[in-house]
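J.:
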Amino acid sequence: MARQKQLSLEDLPLELLIEIAGYLDFPDITALLQTSKILKTVTDASPLWIKLVQDYSDKRLVVPCLNSRYMTTMTIPVLRAWLTRCTITDEVWRKPSVAPHSIILDYPPRTLTMPSSVMVLPGGRWALVGGRHGWIHYYDLSHRPPTLGALISPTKNRSTQLDVRQIACHQQSPKEWIIAFSGMEKWRMTSTVAWIHIWQLGETNTSSLSATHLKSIPYNWTPCGYGALSLTEDLLVRATFGERNMKWADIFLWKECDETRLVRSRIHLDCYPDFATLIGNDRLLVADPTRGLHLFNIPDLEPMSPEDAQRPPVRSTATPCWIYSYGHADESFRYSRLSFDGTSYRLAIGTPLGIAGLVIPPTKDKPPTIVNLFKTSLSPEPVGIGLTKARIIHDTGVAKLGYSWGLQTSNSAFSTCQHTKKGDSSLYCIWTKNSFDEETGRFIHMEAASPGSSQIQVRYIDFVDYASSHM
């Protein structure tokens, strides 16, 4: 009698193998693609990698760099690279022995510009530095040391007399972003004519960053303060304060706006807008470091002329639909990027007493809730805050911190710190001028070159060396 052929895993139909592989996690899939040509074919299935990325995002609450809208258009190498970066960062964050790299970034001479704001674009490869008179430079953080390039410079018709102190960002795809920053027409500082400039950024085939001007929107300028700026796919909010203790937030349907026509609504605030972010298309969250969190419903957006928009705000205030008091006044609160996990919006808040988490339902019928993510005192102040990771600067150096939202995942509940040497620590950090990318763990901030110095420099800190990591 002929012996029956012994079946192996490779004899199963490809569709069944792909379904089985869907139950594996990323390290197992990485090992599977190294076993044989047939099983490597299984790992070349795009739905498998989409599922891996989606599962990773859902379990760890990372700020999604790859959302479902365009994930299906991405190649397998891009999906795998994203997942590899996040996995390596998670592994490094759990190792207290890992010491960070600390670099003072090369920046143009003070005669040209001076740094006024910093931002790591979502995805972690590119960092932006805003400077005087509308200058914005970029760094490619994938190089060591990071390479510098000029991104946006003042032009004759789009120049600004104000420093770029704030940059708002919305990511459209892994290699495309929209940014917004405010400014004023040159030589018109006594006027209330000001603009919010909106630009499209994108990676080029030559591994550089390009910028295309989309539009400039006029708004009511005040010499008292800058407030907060936030940007989404459809809406733009500018929250500010003016004379006689007046505070307000303008919400623009920015794609429908131009220099002759605005589509806008205004919320009159009774809190100082230290931080503001849009919740979907119908709510606005404003954070006041002394009075807590205020959630407002956005009024209907209506067309108006720029002349109407330039009128000073009337003295009246809107009633928040939800308020949360911090319980103590402090100027050192820091906030993560807002994330939507499919069921709720989430925001992590760094305070001197620890890390708090804000959970906002997608609809208005349920109130937000506050959860404690990390209860240990953070001294002197928290800086880079993410949903599950943070950077803290102590007197003795830079520490990394991890925390959990209470999800049942094997890697979510941990809290480790690692300091740099005191000589490498950022003792003169400008606390409000920093940016943290949770996906890569990269962090940049502005600091004084020495105690009491007026010279400002930009420091880049990175715990992860992807070139020497193996997955």
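Counting from 1, one number per residue, gives the positions in the sequence shown under the UniProt record's numbering.
Glycine is no exception: its CB is placed at the ideal position from the N, C-alpha and C atoms.
None of these values were measured; they are calculated from a predicted model.
Going by DSSP, what residues sit across from C169 in a beta bridge?
T.: Position 169 of the sequence shown, counted from the first residue, corresponds to residue 169. Answer is I179.
J.: May I have the straight-line CA-CA distance separating K215 from W93, to the nearest angstrom?
T.: Within the sequence shown, the letter at position 215 stands for residue 215. Within the sequence shown, the letter at position 93 stands for residue 93. Spanning the two alpha carbons is a distance of roughly 40 Å.
J.: What residue range is occupied by the uninterrupted beta strand (DSSP E) comprising T212?
T.: Taking the first residue of the sequence shown as 1, we reach residue 212 at position 212. Unbroken beta strand (DSSP E) run through T212: L209 to N220.
J.: Where are the beta strand (DSSP E) runs, 3 residues long or more, that stay fully inside the region 327-401, in chain order?
T.: The qualifying runs are 345-351, 354-360, 369-374, 381-385 and 389-394.
J.: So, helix, strand or coil for S453, using DSSP?
T.: Along the sequence shown, read from residue 1 onward, the residue named residue 453 stands at position 453. Three-state DSSP puts S453 in coil, outside helix and strand.
J.: Where does P27 fall in DSSP's three states?
T.: Taking the sequence shown and counting its residues from 1, the one referred to as residue 27 is at position 27. P27 falls in the helix class under three-state DSSP.
J.: May I have the straight-line CA-CA distance separating L148 from K364, to the nearest angstrom?
T.: On the sequence shown, residue 148 is found 148 positions in, with the first residue counted as 1. On the sequence shown, residue 364 is found 364 positions in, with the first residue counted as 1. Their backbone Cα atoms lie some 45 Å apart in a straight line.
J.: Any idea what DSSP makes of K433, helix, strand or coil?
T.: Residue mapping note: residue 433 aligns to position 433 of the sequence shown, counting from 1. Three-state DSSP puts K433 in a strand.
J.: Just verifying my parser: in three-state terms, what is the DSSP assignment at V286?
T.: Looking up residue 286 in the sequence shown gives position 286. It is a strand residue.
J.: Hey, would you say P77 sits closer than 9 Å to V458, going by beta carbons?
T.: Locating residue 77 in the sequence shown gives position 77, counting from the first residue. Locating residue 458 in the sequence shown gives position 458, counting from the first residue. Cβ distance not < 9 Å, so P77 and V458 don't count as in contact.
J.: Helix, strand or coil for W405? Go by DSSP, reduced to three states.
T.: The sequence position of residue 405 within the sequence shown is 405, counting from 1. DSSP places W405 in coil when its eight states are reduced to three.
J.: Could you check whether L253 and L231 sit closer than 9 Å to each other, using their CB atoms as the reference points?
T.: Walking along the sequence shown from the start, residue 231 turns up at place 231. Walking along the sequence shown from the start, residue 253 turns up at place 253. Contact: no.
J.: Roughly how many whole angstroms lie between the Cα atoms of K255 and V383?
T.: By one-based count along the sequence shown, residue 255 stands at place 255. By one-based count along the sequence shown, residue 383 stands at place 383. Roughly 33 Å separates the two Cα atoms.
J.: From the DSSP output, which residues share a beta bridge with W199?
T.: For this step, residue 199 is matched to residue 199 along the sequence shown. I179 and H213.
J.: Please report the residue range of the alpha helix (DSSP H) in which L253 lies.
T.: Reading the sequence shown from its first residue, position 253 is the one you call residue 253. No alpha helix (DSSP H) holds L253; the beta strand (DSSP E) holding it covers K247 to L253.
J.: Can you check DSSP and say which residues form a bridge with L235?
T.: For this step, residue 235 is matched to residue 235 along the sequence shown. Partner(s): L253.
J.: Measure the C-alpha to C-alpha separation of I267 and A318 and round it to an integer number of angstroms.
T.: Taking the first residue of the sequence shown as position 1, residue 267 is located at position 267. Taking the first residue of the sequence shown as position 1, residue 318 is located at position 318. If I take the Cα positions, the gap works out to 6 Å.
J.: Taking the beta carbon of D462 as the centre, do at least 16 other beta carbons fall within 10 Å, making it buried, or is it exposed?
T.: Position 462 of the sequence shown, counting from 1, holds the residue named residue 462. So D462 counts as buried.
J.: What residue range is occupied by the uninterrupted alpha helix (DSSP H) comprising T260?
T.: Here residue 260 is taken as the residue at index 260 of the sequence shown, counted from 1. Premise fails: T260 is in no alpha helix (DSSP H) and is neither H nor E.
J.: Please state the DSSP three-state secondary structure of D55.
T.: Stepping through the sequence shown from its first residue, residue 55 is reached at position 55. Correct three-state label for D55: helix.
J.: Could you check where the alpha helix (DSSP H) with A81 kicks off and where it finishes?
T.: Your numbering for residue 81 matches position 81 in the sequence shown. First-last of the alpha helix (DSSP H) with A81: I76 to W93.
J.: Can you list, in chain order, the residues of its chain whose CB lies under 6 Å from that of I323, leaving out five sequence neighbours each side?
T.: Taking the sequence shown and counting its residues from 1, one reaches residue 323 at position 323. Here the set comprises H294.
J.: Is the beta carbon of I385 sitting closer than 9 Å to the one on S336?
T.: In the sequence shown, residue 385 corresponds to position 385, counting from 1. In the sequence shown, residue 336 corresponds to position 336, counting from 1. Yes, these two residues count as a Cβ contact at 9 Å.
J.: What does a CB cutoff of less than 6 Å around L373 pick up in its chain, not counting 5 residues either side in sequence?
T.: Along the sequence shown, one-based indexing puts residue 373 at 373. So the qualifying residues of the chain are I355, G357 and Y403.
J.: Check for me: the beta strand (DSSP E) holding E438 runs from which residue to which?
T.: Residue 438 sits at position 438 when you count from the first residue of the sequence shown. Run containing E438: none; DSSP gives neither H nor E here.
J.: Roughly how many whole angstroms lie between the Cα atoms of R283 and A249?
T.: Looking up residue 283 in the sequence shown gives position 283. Looking up residue 249 in the sequence shown gives position 249. In a straight line, the C-alpha of R283 is about 12 Å away from that of A249.
J.: Would you identify the three-state DSSP class for G149, choosing helix, strand or coil?
T.: Start at 1 with the first residue of the sequence shown, and residue 149 comes out as number 149. If DSSP states are grouped into helix, strand and coil, G149 belongs with the strands.
J.: By DSSP, does L14 sit in helix, in strand, or in coil?
T.: The residue given as residue 14 occupies position 14 in the sequence shown. Reduced to three states, the DSSP call for L14 is helix.
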